[in-house]
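Counting from 1, position 205 in the sequence shown corresponds to residue 205 in UniProt numbering; the numbering is continuous, with no gaps. Cβ atoms here follow ideal geometry from the backbone N, Cα and C, with glycine treated the same way. The structure displayed is predicted, hence computed values, not measured ones.
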Amino acid sequence: MFRVGTPVLCITLSIYKRGCVLHMSHLAISRRDQLVVTVHRICRKTLIIIMAKSETCLVNLHYQDGSEGSPSNPAKFKNQDFAQIKADCLRKGELFVDNEFPPNGLSLGDLPDMSSSKESEVKWLRPADLLRKQGKKDQPAFSKDGMSRFDFGQGDVGDCWFLSAISALTFQENLMAQVVPMDQSFENYAGIFHFRFWRFGKWVDVVIDDNLPTIKKRLLFVSSKCGNEFWAPLLEKAYAKVCGSYADMHAGFPSEACKDFTGGVNQTYKLKEMNSAGHGDLWLTLNRATRCQSLICCWTYHEEGALVSDTGLVNGHAYSITGVTKVELNGSKVRLVRVMNPWGQQEWNGKWSDKSDLWDKVSPEVKKKCFNHDDGEFWMQMEDFCSYFAYVSICCETPNFLDGDLKCQWNCMIYDGSWVAGKSAGGNVKHSTFATNPQYRIQVTVIDKKEPGDKNIVLSLMQKPQQGNRNEIRLHRTRLTIYKIPSGTPKRRLQQDFFQRNSPVKAEKTYRSERDHIELHSLEPGEYVIIPSTKEPNITADFALAVYTKTDE
Numbered sequence: 001m002f003r004v005g006t007p008v009l010c011i012t013l014s015i016y017k018r019g020c021v022l023h024m025s026h027l028a029i030s031r032r033d034q035l036v037v038t039v040h041r042i043c044r045k046t047l048i049i050i051m052a053k054s055e056t057c058l059v060n061l062h063y064q065d066g067s068e069g070s071p072s073n074p075a076k077f078k079n080q081d082f083a084q085i086k087a088d089c090l091r092k093g094e095l096f097v098d099n100e101f102p103p104n105g106l107s108l109g110d111l112p113d114m115s116s117s118k119e120s121e122v123k124w125l126r127p128a129d130l131l132r133k134q135g136k137k138d139q140p141a142f143s144k145d146g147m148s149r150f151d152f153g154q155g156d157v158g159d160c161w162f163l164s165a166i167s168a169l170t171f172q173e174n175l176m177a178q179v180v181p182m183d184q185s186f187e188n189y190a191g192i193f194h195f196r197f198w199r200f201g202k203w204v205d206v207v208i209d210d211n212l213p214t215i216k217k218r219l220l221f222v223s224s225k226c227g228n229e230f231w232a233p234l235l236e237k238a239y240a241k242v243c244g245s246y247a248d249m250h251a252g253f254p255s256e257a258c259k260d261f262t263g264g265v266n267q268t269y270k271l272k273e274m275n276s277a278g279h280g281d282l283w284l285t286l287n288r289a290t291r292c293q294s295l296i297c298c299w300t301y302h303e304e305g306a307l308v309s310d311t312g313l314v315n316g317h318a319y320s321i322t323g324v325t326k327v328e329l330n331g332s333k334v335r336l337v338r339v340m341n342p343w344g345q346q347e348w349n350g351k352w353s354d355k356s357d358l359w360d361k362v363s364p365e366v367k368k369k370c371f372n373h374d375d376g377e378f379w380m381q382m383e384d385f386c387s388y389f390a391y392v393s394i395c396c397e398t399p400n401f402l403d404g405d406l407k408c409q410w411n412c413m414i415y416d417g418s419w420v421a422g423k424s425a426g427g428n429v430k431h432s433t434f435a436t437n438p439q440y441r442i443q444v445t446v447i448d449k450k451e452p453g454d455k456n457i458v459l460s461l462m463q464k465p466q467q468g469n470r471n472e473i474r475l476h477r478t479r480l481t482i483y484k485i486p487s488g489t490p491k492r493r494l495q496q497d498f499f500q501r502n503s504p505v506k507a508e509k510t511y512r513s514e515r516d517h518i519e520l521h522s523l524e525p526g527e528y529v530i531i532p533s534t535k536e537p538n539i540t541a542d543f544a545l546a547v548y549t550k551t552d553e
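This is how it looks when you write it as structure tokens:
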């Protein structure tokens, strides 16, 4: 957090050879506190960090190996140590019961359409007990033959946004292994499992017990299509714990879960606004995204009327995009998008659906791409897809899908920051306190000439929730403003007169209430200052600012 009285925070990242040099500073109001200086040498990159002991800075050059919050050393959510707890349970011969997320109504939360009488029917059962009550002789398994988008179906909570993100995640083995540690099983059993999520700048390890809510011997929420496989309901429970309860997972956008699965760059496209001829821009973006190993989701319009429309699509529902391809039909190329319903059933019934006779007009090899059974996955022609779906969200570890330069490398720095009422929450530029907002000075020197308009910087401003439950979070209206700093300007905080004399070079017209605010820019060589601000002053809130810069390595 950046407060009055904290010292200067200066970070210099030097990129060898071809690429860019980025100098970034956070200049606070005084410099009285003690500084800590560290120097890191990472793959011929020198990283010098000068910062206060009380400050935190996460530099994502594949993270510093071993640092807390890195993929190899996630922070312990609720200070629970999975290995230690499991070892203690095995030593005592006990099964773990998670007091931080207990198997009772507190963890269920206030579920929509859940009456008190129905809630009284909920029984929390461990997998082996559930199978026994169902009369099955199978032993519970964490996963069988790997993890697939066809493994699970949605339950009674409206978390299709989360499940569509899981469907997309199953395509990316490396990311899946990061979120779902693959060494878990029901052998050496202690009733404890763990999962990892990226939360506002760092990875966290979330511990759960395996008590799952059931009604009438059936899992209440997500369930496996293979009755004795439990990785999906356990993953859902871990995310419910992060959200505060199962009820806090009701309703949302897939982009939120995709961000928490990857820590990557999120971009959401409103299809009505992507009105290029023949939807060419969106088609190129989807192709780049699939090549970049992205998580891609989409959702339909929320309209009055039946839940399921005549087309077979579900109203106001989240899906995942699992592939794109072109097929030849009557000498012409047809662009197809493959879509997955997290319900595991209920499919599109129009052109190029599973039972469409158009598949009889293509080669047998191409026809195999259509799964001719009700598994929830189906193909749509690009034009139909853009007509019936409202949004597409893409999340990727790097911003490469944004401009098509798939070979380019990006460096990312992530900073924890805050607005504090009366100190560093200056509001918008019309207020006389605007200069008290956190300031980030960057100097970008581009060595290799790029194409005009090429995006060389991506900014992500994430609001950190101060509430424990997801549905209680109230997002503030925020914006990023970028000013060009004239040559020779002293290296200190910029005062209000600077912002009165100068106009921003980059600033969106409106303040937006978004969990993750993304901006792409093309900056000419020079020095700039980035100002994250809320629309109104004196609002106390925390944020994480990520700065992605393109290199030519």
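### Task
Please list, in chain order, all residues of the same chain as E68 whose beta carbon is under 6 Å from its beta carbon, the five residues on each side excluded.
A75
### Other residues of its chain near K270: CB distance less than 8 Å, five sequence neighbours each side excluded
A390, Y391
### Query
When the Cα atoms are used, what is the spatial distance from A168 to S320?
Near 6 Å, if we compare the C-alpha coordinates of S320 and A168.
#### Entry: Cβ-based neighbour list, V362, same chain, cut-off 8 Å, excluding 5 preceding and 5 following
V327, E328, L329
### Query
Hey, F77 and V180: beta-carbon distance below 8 Å or not?
Contact: no.
### Contacting residues, own chain, Cβ-Cβ under 8 Å from V410 (five flanking each side not counted)
Before going further, note that residue 410 is Trp rather than Val in the sequence given. Answer for W410: T398, P399, N400, V458, Y548, T549, K550, T551, listed in chain order.
### Query
Do W283 and T311 have their C-beta atoms within less than 8 Å of each other?
Their beta carbons are not under 8 Å apart, which means W283 does not touch T311 by this criterion.
### Query
Using the beta-carbon count (16 or more within 10 Å), is D183 buried or exposed?
exposed
### Message
Can you find the residues in the same chain that come closer than 8 Å, C-beta to C-beta, to N287, ignoring five residues on each side of it along the sequence?
### Response
V324
### F195 and A240 closer than 8 Å at C-beta
no
### For L235, three-class secondary structure by DSSP
helix
### Touch test, the segment 213–221 against the segment 472–481, Cβ-Cβ under 8 Å, three pairs minimum
no
### Query
Tell me, which residues are paired with L507 by DSSP?
Residue identity differs from the one stated: residue 507 is Ala in this sequence, not Leu. According to DSSP, A507 bridges with T481.
### Euclidean distance between Cα positions of V444 and A318
Cα to Cα, V444 sits roughly 39 Å from A318.
#### Entry: Residue interval of the alpha helix (DSSP H) (run including A128)
127–133
### Query
Taking DSSP as the reference, what is the three-state secondary structure of F261?
helix
### Message
If you measure between the beta carbons of S533 and G427, is that distance less than 8 Å?
### Response
Result yes, Cβ atoms of S533 and G427 sit closer than 8 Å.
### Message
Among D98, C292, L461, whose alpha-carbon lies nearest the alpha-carbon of S513?
### Response
L461
### Expected contact under 8 Å - CB spacing of T481 and P504 to nearest Å
5 Å
### Task
Determine the direct distance from the alpha carbon of E365 to that of E303, and round the result to whole angstroms.
38 Å
### Task
Would you list the residues sitting across from R512 in a DSSP beta bridge?
T478
### Task
Could you round the C-beta distance between N266 and S393 to whole angstroms and report it? I think they count as a contact, below 8 Å.
Contact annotation, N266 with S393: C-beta distance approximately 6 Å; criterion of less than 8 Å satisfied.
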